[in-house]
Each structure stands twice: as C-alpha cells, then as structure tokens.
Amino acid sequence: MERRSAPVASPAEGLIAGAFDALPEACAVIDSNGRIVRANAAFAALFSASSDSLAGRDLAPFYADPLDLHLAPWRTGSPSGQTGPVRLVPPRGEPFLAELRAAPAGSHFAVVVRPAESARAPAPDAHGGEGAYTLDFASGTVWFSGALCALMGVEADSGHADLDRWLDVVEETDREAALALLKAGPRDPNHLFRFTCRVRGADGVWRPLVHQVRVLRRGRRGQPLRLSGVAAPAGLADVPAHQEDARLSLALAASGLCHWEYDFEADIGSVSGDLHAGGDGRTFSFADWRARLHPDDVSRASAAFLGLQFGGRMDEIYRVRGSGQGWVIHRCLAEPAGRNRAFGFTRLVGLDEAGPAASLPGDVEGLDREAAQSVRSAALTTWTRDLQTGMLTVRGPIAERLGIRDGTLQVPADAWLERIHPDDRERFDLASLRHIAAAEGGELEYRIRDMENRYVRLRVRGGVSAQTADGRALTLSGIVTEVDETDALRRKLAETETRLTEAVEAARLTRWSFDYDDRLFLMSGPALAAIGFEGGDQPGAGEGVRIALEDWIARMHPDDLPRFREALATAAARDGAVEIEYRLRDSEGGYRWVGVRGAITERTPDGAPLRASGFLSEVTDRRRLEEELAARERQLADAIEAGLVGIWTIDHTTGERNARGDVLRWLGKSLDESRVTAEEWGTILHPDSVEAARELFARLGAGEIVGAIDLRLRSPDGWRWVRTEGRPLAFDAAGRALRSAGVMLDISAERAFADALAREKERIDTIYRRSPALMHTIDTQGRTTMVNDHWVATMGYKPEEVLGQPGSAVIHEADRERVERELIPRAFETGELWREPVRIVTKAGEVLETRLSAFVEYGPGRQPVAAHGVFEDVTDINRARREMEAYAEELERTNRELNRFATVASHDLQEPLRKIAAFSSLLRRRYHGQLDAEADSSLDFLIDAAGRMRTLIDDLLAYSRASSRPLKRERVDLERLVEDILARLEVSIAEAGGRVDCERLPVIEGDPMLLTLLFQNLVSNAIKYRGEAAPQVRIAAEPEGEFWRISVSDNGIGIESKFFDKIFAPFQRLHGREEYDGTGIGLAVCQQAVERHGGKIWLESEPGKGSRFHFTLPRSEAQDAAA
1 MERRSAPVAS
11 PAEGLIAGAF
21 DALPEACAVI
31 DSNGRIVRAN
41 AAFAALFSAS
51 SDSLAGRDLA
61 PFYADPLDLH
71 LAPWRTGSPS
81 GQTGPVRLVP
91 PRGEPFLAEL
101 RAAPAGSHFA
111 VVVRPAESAR
121 APAPDAHGGE
131 GAYTLDFASG
141 TVWFSGALCA
151 LMGVEADSGH
161 ADLDRWLDVV
171 EETDREAALA
181 LLKAGPRDPN
191 HLFRFTCRVR
201 GADGVWRPLV
211 HQVRVLRRGR
221 RGQPLRLSGV
231 AAPAGLADVP
241 AHQEDARLSL
251 ALAASGLCHW
261 EYDFEADIGS
271 VSGDLHAGGD
281 GRTFSFADWR
291 ARLHPDDVSR
301 ASAAFLGLQF
311 GGRMDEIYRV
321 RGSGQGWVIH
331 RCLAEPAGRN
341 RAFGFTRLVG
351 LDEAGPAASL
361 PGDVEGLDRE
371 AAQSVRSAAL
381 TTWTRDLQTG
391 MLTVRGPIAE
401 RLGIRDGTLQ
411 VPADAWLERI
421 HPDDRERFDL
431 ASLRHIAAAE
441 GGELEYRIRD
451 MENRYVRLRV
461 RGGVSAQTAD
471 GRALTLSGIV
481 TEVDETDALR
491 RKLAETETRL
501 TEAVEAARLT
511 RWSFDYDDRL
521 FLMSGPALAA
531 IGFEGGDQPG
541 AGEGVRIALE
551 DWIARMHPDD
561 LPRFREALAT
571 AAARDGAVEI
581 EYRLRDSEGG
591 YRWVGVRGAI
601 TERTPDGAPL
611 RASGFLSEVT
621 DRRRLEEELA
631 ARERQLADAI
641 EAGLVGIWTI
651 DHTTGERNAR
661 GDVLRWLGKS
671 LDESRVTAEE
681 WGTILHPDSV
691 EAARELFARL
701 GAGEIVGAID
711 LRLRSPDGWR
721 WVRTEGRPLA
731 FDAAGRALRS
741 AGVMLDISAE
751 RAFADALARE
761 KERIDTIYRR
771 SPALMHTIDT
781 QGRTTMVNDH
791 WVATMGYKPE
801 EVLGQPGSAV
811 IHEADRERVE
821 RELIPRAFET
831 GELWREPVRI
841 VTKAGEVLET
851 RLSAFVEYGP
861 GRQPVAAHGV
871 FEDVTDINRA
881 RREMEAYAEE
891 LERTNRELNR
901 FATVASHDLQ
911 EPLRKIAAFS
921 SLLRRRYHGQ
931 LDAEADSSLD
941 FLIDAAGRMR
951 TLIDDLLAYS
961 RASSRPLKRE
971 RVDLERLVED
981 ILARLEVSIA
991 EAGGRVDCER
1001 LPVIEGDPML
1011 LTLLFQNLVS
1021 NAIKYRGEAA
1031 PQVRIAAEPE
1041 GEFWRISVSD
1051 NGIGIESKFF
1061 DKIFAPFQRL
1071 HGREEYDGTG
1081 IGLAVCQQAV
1091 ERHGGKIWLE
1101 SEPGKGSRFH
1111 FTLPRSEAQD
1121 AAA
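Going by the UniProt record's numbering, the letters in the sequence shown line up with residues 1 to 1123, in that order.
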C-alpha cells in the first residue's frame, strides 16, 4: 500500500492513513459511537459495497454477538498494542473474525480482519482483556461475549451455550468448587465476589481465569438465580493457594524473596524467611524491624511501612544491620491486605560495606527512583517528624507540588508551619503534638500554600513510629494525601461502578431479527420467557424462537399499536433505525414494558427493506421507577410551590450571602441572581424580626444547628411569615462555623391559623373564667386542674389551695362516696353527666345545694383527658320550692275546708231557709188581707229575702266549685255548647226582645261545666244589663298564636273603665237590686273558668256604648286537625 507524504487535512484522515499504512489486512476506522469513518477496499469487498457507501454507517448491526459491542469501549482504554476479537456478519456471506485495535489518538479505533488461519483458531491470549458472561441457573444457560468464547475455547456461534457444556472446559478439580461458589453467592447483594479456575483454551492449553461475579437476581430463599461476571487471565498471584502453594514457595526460595504479612492492630507479623524475622525466625514486630534500620533510612522506611495501614503502598530501598557489623541493602514491596493488615515481599539487594548512603550501587539508586515513582503513582506522600530535632521530612508528590524537584523535602517544623493557612496552624500543631504523640493515632485536614501561592487541602494520617522505654514519643510518621485527588479517585470509582452496572444490565439483552418477506421474528434471549414466549432462553433453543408478526401484534397493548406501526414505517422509509418502547401482554394477563432498538440491516437494490435486527430488553421496572420518580418530582414541585420560599447560604468569614428561590423576587431581583447583601436583606426584614435574625446568624456562627425561627419578611403581596432553619457546613479549628446554609418556608397561613386558634382559645378561656356558673375541671385521676372566677368567689378558696387536690374534697361528706365511686367513673365512661344532685361545702362551711352536669374532653385516639363540671347552685331555688310546697299544702288544706264549708252551707243553710220561705208563703196565703198593711209588707219582704238568700247560697256554691273542683278536660264543640245555652235562655231572650248572633266557633279541649258557666253568665249579663234598645249580642272567635281569642259583645249600658277590675271580684255589684237583680258573682265565676283553662279575660267598654268581653282558650290538636 502506497504511503502518503502530503499532510493530512484532519485528525480523522490522519488516523485512517496511519491504519492503512500500518496494516496490510482489510481494515476500517470507526469512531467512539461505532460508526465507520472510512474503510479500505478489502474491507468494503467483504460487505459487497464501496468504501464511500460504508462511510457513516453504524457497525453495530454487523456484530454477531451484541456483548462484543458493549465490551468495545473497555478496549479503547487499553494500552496501545492490545487487541480484542469480534465476530462480524456481513449482509451476504460468511461471518469472519476481526480484531479491535485502539487508535493512537484514543477517540477512534480500528477494525482489522484477521488472516483466515488466525480466525479459525484464535490464540487464547489474543483478547487483550476481559470477557463478559451471564449465567441463568433457572434455564441452565450461559450467555457470553466473543472475547470469552476465545478465552475458554467454547464453540457457540449463537452467543450462548448449555451450562454443562460451558463447564466442560473447566478443569475437573476446579469445576465443583467454582460451581459451589456460583450457587452460594455473597450475602451482600452489591458485593462483587472473586474466584479462580483453570480452563482449556482453543489451543488445548490450561490457563487460570480470574472471575469477578455479581448476583443479579435471587430466589425466595435467597439463592442466586442469575449472575453476571467478567473473566480475565490470571497471573501467578491470582492462582488459588491450594493449587500453587508448593510452586510459590519454591519460586520464592529460588529468587531470594521473603514473604511476610503484618497485623497492625496486634502489632505482630509472620514471615517466611529471615529478612524480617525476630528471635524465633517466624514472627517480627515493627519495633524490632525498625531497630535494625540504618539511622539515615529510619524515617523514610518507617513512614512507608506505617502508611500501609492507611491505604498506602510500599516500595522502598533501605539498609538493615546484618548478622555481623555491616549493613545489608533490602528492597521491600508491600500493599494493604484489608483492615489494619498488609502483606509484602522483601529481597536482598546487596551489601553496603562502605556505609554511607551515597555509596549505594547504581542499580539500587535506580530502584530508589522507582520507589519514589511508585509512591507518586499512588498519590501518597510520606512524612516523618523528629520530635527531638524538630525536623520534618516529606517525600512524594506533595513535596513536588511545593517546588522540590526530587520529591523529598526536609525542613524544620516551623518552616512547614509557615506554609500552612493561618486559620489551620493552631489545629495542625495541637493535632500533631497531642493526638498523634499520645499514640492515639489521628487524622487531620489543613491547607498549605504550594509553589504558586495557592492553598491545597491535605489530609494527614499517622502515628508514633518511635518512642523511649518509658513511652515518650520520639518520632511521628504517616502519609499525606490531597483531598481533591482523593475525591477524584472516589468519583472515578463511582463512574467505573456505573459503567460496570450498565454492562451487566446490557448482558440481559434479547436478540431479534425480522424478515420482511416471511413477516417472521427470530428471537432469542431472557426477555421472551418473561412475556410468555417459551423456549427462547432454553438450552438447545438453536437459533431462537420464530414468532409471526400477527402473533406479536396480538400481544401488544392497543394504545401502543399505532406507535409501533409508525416506527416500522419510519424505519423502512428513512435511515432504517428504530427505537421504541411499548407494552406486551404476559402469560399472567398483565402487561410488561419492553424496549426495542434496531435497524434495517438488508435492503433490495431498489431500497426496499428485507431484514431488520436489533436488541430487546424488558424495561418494566425502569418505567415503573420513572413513573414513581415523576410522581415524586411532581409532589416535590407541589411542595415547593406550596411553601418553599427559598434556600440561603452564608460565608461567616467573608460575610457573603446567597439565596435561591422566590425570595429573590421579594428582594426585587431576578431568579438567576443569587448574591444578596446584608443591606438588601434588611430592606425586607420586619423591625420586630431583626433581633431574631441576629440570634439566628450568631448561633450559626458559633457552630450550632438552629431549629425553626420565625421571621416576618415583606413580599410584593405584603408582610408574610417565614420559618427558617439552618446548620453549619464547615468549621474552623475552634469549632466556629465557616459556612452555613438553610431553608425558608412560607408559614403565613399556618401563623394565621395559629393566631385564630389562639384567639379562639383565649375566648373560650374567658368564657370559662367569667361564666356565672361554678366551673370545675378534673383530670382522669380526679385531681383538680382548673376552676373559674365565679367558683373561687363563691367557694372562698384560692386557686392554689385546690389545684392538684382531689376534686371531691369540696363535696359534702354525705355525697362524697357517691361522687367518687359512681358519678366520676360514669362521666368518663359515658362522656357526660346531667343535673345530678350534689351538695358542696364552701371554705366557710356553708352547704350549697347544686345540680352537677359534666362533659368529658378527649385527646388523640379518643382517650379522655379531662372532665369539665358545672355546679348549678339551686340552694335558693330549693328553699323557695320547699316554701312553695308548704304554701301549696296550706292552700290545699284551706280549699278542703272551703269545700267542706260550701257543702255544709249548701245543706245546713238551705234547710232552715226553705222552712222560712215555706212558712212565710203559708202565712201570706192564709192571712193576707186579715192583718194590717205593714204585716202584709213584712211577709213579702221575708219571702223575698229567703229567695235572695237561696240564690246567694247557690251562686256561692257555684263559685266554689268553679275554683276548686278538679278540671275534667274533654273535647268540647263550642258551637253546640252555645246552642244549648241559648235554648235554655230562650224565654228571657224573647221577653227582652233580644237577638244573639254566633259565628263559627272552634272545637277545643276543656271542662264542659266550666265552659257552660262561662258562656251562660256572659250571655245572661248581656241580656240583663240592656239599655232602652233591644239587646243585640254577638259571639265570635279568631286564632291568636297558640290560643283562640273569643269575644262576647253587646249594645248594653256599658261600664266605666275604673270598674273593669272590680267587676271580676266575687259579690261586687255596680247597681242596686232595684235596678238589676243578682248576687255579683257571675263574672268571678267566668274569670275562674278562663284562668283554670290557662287563658285570661278582659273587658272593653264605655258607658252607653255597650261592652265587649274578650277571653282566650288554648288551641287543641283536635281543633287544628278539624280545621
């Protein structure tokens, strides 16, 4: 191939020119995304295409094994010269083996087709890196990359094989142990476990492979079901101890190496030779080994050795005292072996007969330089401080950073201290002298000025490396690391872990291809079983499972079918690439999400698609997590919108303040401005909140974590309450805060509610205190917790005399047991008491009769917390009631006597009166006219008096009965009752020439006899007390609330208003007997009848204009129903 001499136009063309110049085989250059940049003619011929047509095409569809594609980015980071085998499948023709080689620029790599003989039998070491695999115990299948196929010599073009077939290439003695480890797995699901086994390669040679494996899925009992791992060739150190112990010991002895291990916690080590040995030749201590070191090498070698316990590595040349008086030169290589442990090898380099360090052989000096380079590559710097001389020795990259070319710095401690940041000097000195010198060990961070006058943050670890017999420290040693570099290593480790996780997840891909002519899918991989297509991930599945397009679509969710058809059409019409996610129905009737990626891999000459292929993976869990994450993001956004005002930070050293969020708008700033001055904060801070804000920042500056502090800030909508809290983020040596941060929440609504609640509580407390009732509150134990002002004033106690005391202490002793055993338990059980009679005793000894009512207050979980009692003082009421009962009893006795008198009067007085009237009438009939005129007149007066006396007695008896006889209520039709009365008065009405008009009257509940007396007396009086005109009487009724108002009006002589009350008194007359007869008791009977029915009677009248008597009677349900 002709070499180009002209300068290339671009880096890509230069790389291609270099590839074409260096390789005679068919080759192509691809970029980091797997797209062909350029291909030579031989490479294009394999694909039946021209070089120009291949440019820009994606190489991924031509990979026979998709795992090879995922391993490719790992190989681009390998050193130049390493290669990796990949199998490629052209659209037409046989698969061929190619090598993946890193390009010099690092951003591209070359694909070189191997000669046919190499492709048939690749050397097991030709992969230049790892091979990945996934093992599924449930199906007994192993999926592996092409690289691993070359490593293990497994022939499987489909990229997977039966587990037993895969294990056949493992050495028999290692097979059982390896299988047991794989089936057991680590306890920690995130742990990557490691084992080694020997396998036979394609060339028939046995080689050890180191496996690093992680469990992807476990069963219900915790057993591994699916694992993913990476296998790589092992060196001598990777061979299991049970296989290589003898060879290792022989190799160590032959090379003069002494193997040792050291336990820093126990301060003792074990050794296989005598270079480190103590007295017994098998063990040694740090102190014994250090005592044998040359004085000029003590500090350096001790620091490197002690650095092992802090993660450092050791590669040092030093001198130790030999068996005679001379010095021998040793080289020691060591590294950490877990927590507080290290292992290493020591070998004899030579003898130092001259003594001075300057006389070291040239090769030893070279080894010393290598040791320094080893320390620098580990990013560790060793240090030693001699407490007697005050000298500090620093070796490593930190020394170079400070301007020392050879990486070694020896200065007085004071000179080192001058380079340290002023704020960190005191802490550095205290930590060095107090903590480390006290043999407690320690870790310290401080800032030091480098050669460019910039401060670098260092982390120092170390301990006492030499001490006197009485325990006094002589020297301190340890390691120094840059904190920033350490963090960078941690980030790189996290990124590596992320890439490894992605590679492991990629190993679960399912391959698919689609034939447009047959309309068939050909699939193989783990996702098929999950969505209900059996056989695609089973041993012996061959090339895969064939699925008709119609069957595939039948399982698709109806909502996703349009997108699926659109993706197919787009892929066929455009660049041929397709990427889509949709749902498929699984064997249980539910739906699972799958992600599909692929492209058109073969077309007809006119561009119509013939075949497409790609990868499919189940993404149900990811979609579910994305939905949950989106929901949480929405919740967070809602929460922020609902109440988060902003976040803030403050640098206590410089006073610089920053803020984010809506508070910037309150400050009149845009949301992308974060710097806020103290003066700007002051413009929106309420004067009443200034002291609280000062307290907040003072406490933060002192290093405190400050809880909630409420402040008032002015927003565009007015003053609002915010709650802020913060915490320090960094501290100085004295524990004072350097930086702090916090958040602000809008609590205006919460404060408004709290204020309203406080006002309501105050209102209720005021009502309680000032209530005119006796208020007394007890807790669930019966102790008094609160009394109101009226209780204190009435009972005479001071509040402090009763609070905390049993509430029953003020109960009368006769009622106390009932209150304690019955009323209080019943109140807490039922929730209330109602007007229970209880006597209480004041401080002065006065007994008050009360009615106790109570209700229970409940707390969380409806647990009772208190009972509030109200004592209603009924002492005066009871006294009045007792007096009234006495009066009623006396009145009842009087009424009985009156009834008895009336009965006696009606019987005993009527008998002699009848005799007087009878004999007087007899005398007048016999002797009328025989006696003189005076005698006849006397007899007439006697007969008239007897008649009037008889009428008076009858009226008196009627009044007595009207006022004292029991009321007999029944349904009374007043219209019919009046008709009966008018019938009895028909003669007198006719004699007077009168007329009585009665309107519609109601039906009521009443006593028929009393109602008859009422209407009869009123109508009789209207006829009797008539004027010159004929009497006209009108009876009417109308409803008035709960009563009927009935009126009886006439056109009689009328009554003066001054006599309105007098006429209703018994035996009161306004006219003489000569004018109108009667006893004057009729209206008194009317009043008794109305009042006993619960009504009242009154009069409207003027002399000469007639009278109108009004009275009310209760309305009855019977009358209302009739109405």
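Positions of the beta carbon are idealized from the N, C-alpha and C atoms, including for glycine.
Since the model is a prediction, treat every value here as computed from it, not as a measurement.
Using the C-alpha atoms, what's the distance from residue j back to residue i?
{"i": "R759", "j": "R751", "result": "12 Å"}
{"i": "F264", "j": "S285", "result": "9 Å"}
{"i": "R924", "j": "G1080", "result": "30 Å"}
{"i": "R165", "j": "V142", "result": "9 Å"}
{"i": "D755", "j": "I709", "result": "17 Å"}
{"i": "V810", "j": "L848", "result": "10 Å"}
{"i": "T604", "j": "L610", "result": "6 Å"}
{"i": "D162", "j": "S587", "result": "25 Å"}
{"i": "L46", "j": "L520", "result": "27 Å"}
{"i": "D1007", "j": "H928", "result": "48 Å"}
{"i": "E704", "j": "A698", "result": "9 Å"}
{"i": "P1103", "j": "L1018", "result": "17 Å"}
{"i": "residue 1162", "j": "T601", "result": "Residue coverage of the chain in this structure runs from 1 to 1123, which leaves residue 1162 outside it and unanswerable."}
{"i": "V978", "j": "G1052", "result": "20 Å"}
{"i": "V743", "j": "Y318", "result": "57 Å"}
{"i": "T283", "j": "F731", "result": "45 Å"}
{"i": "A1089", "j": "I1055", "result": "22 Å"}
{"i": "S513", "j": "S617", "result": "14 Å"}
{"i": "R821", "j": "P864", "result": "18 Å"}
{"i": "G718", "j": "E673", "result": "22 Å"}
{"i": "E999", "j": "V1048", "result": "11 Å"}
{"i": "residue 1144", "j": "R449", "result": "Absent from the model: residue 1144. The displayed extent of the chain is 1 to 1123, so no value can be given."}
Looking at the structure shown, is residue i part of a helix, part of a strand, or coil, going by DSSP?
{"i": "H776", "result": "strand"}
{"i": "P860", "result": "helix"}
{"i": "Q410", "result": "strand"}
{"i": "D662", "result": "coil"}
{"i": "T653", "result": "coil"}
{"i": "I1053", "result": "coil"}
{"i": "I1097", "result": "strand"}
{"i": "L23", "result": "Confidence in L23 is poor, its pLDDT being 48 and thus under 50, which makes the residue's placement too unreliable to answer from."}
{"i": "P562", "result": "helix"}
{"i": "L402", "result": "coil"}
{"i": "Q1087", "result": "helix"}
{"i": "E445", "result": "strand"}
On the premise that residue j lies in contact with residue i, defined as a C-beta separation below 8 Å, what is that separation, rounded to the nearest angstrom?
{"i": "R723", "j": "I684", "result": "That belief does not hold up - the Cβ atoms of R723 and I684 are roughly 16 Å apart, past 8 Å."}
{"i": "I767", "j": "G807", "result": "In fact, because the Cβ distance is near 21 Å, the residues do not count as touching under 8 Å."}
{"i": "T510", "j": "L528", "result": "6 Å"}
{"i": "L308", "j": "A342", "result": "4 Å"}
{"i": "L1113", "j": "G1095", "result": "5 Å"}
Determine the closest residue to residue i out of the options, with distance taken between C-alpha atoms.
{"i": "R580", "options": "A572, Q467 and R563", "result": "A quick correction: the sequence has Ile, not Arg, at residue 580. Of the candidates A572, Q467 and R563, the one whose C-alpha sits nearest the C-alpha of I580 is R563."}
{"i": "I650", "options": "A630, D932 and R739", "result": "R739"}
{"i": "G735", "options": "D424, D559, G219 and L227", "result": "D424"}
{"i": "F62", "options": "G598, R1026 and T785", "result": "G598"}
{"i": "E1091", "options": "D560, R714 and L967", "result": "L967"}
{"i": "I1004", "options": "R969, E979 and R454", "result": "R969"}
{"i": "E691", "options": "R879, R712, I30 and S674", "result": "R712"}
{"i": "E857", "options": "A1029, A60 and T830", "result": "T830"}
{"i": "A266", "options": "H259, A287, C258 and S272", "result": "A287"}
For residue i, which residues does DSSP report across the bridge?
{"i": "Q1032", "result": "R995"}
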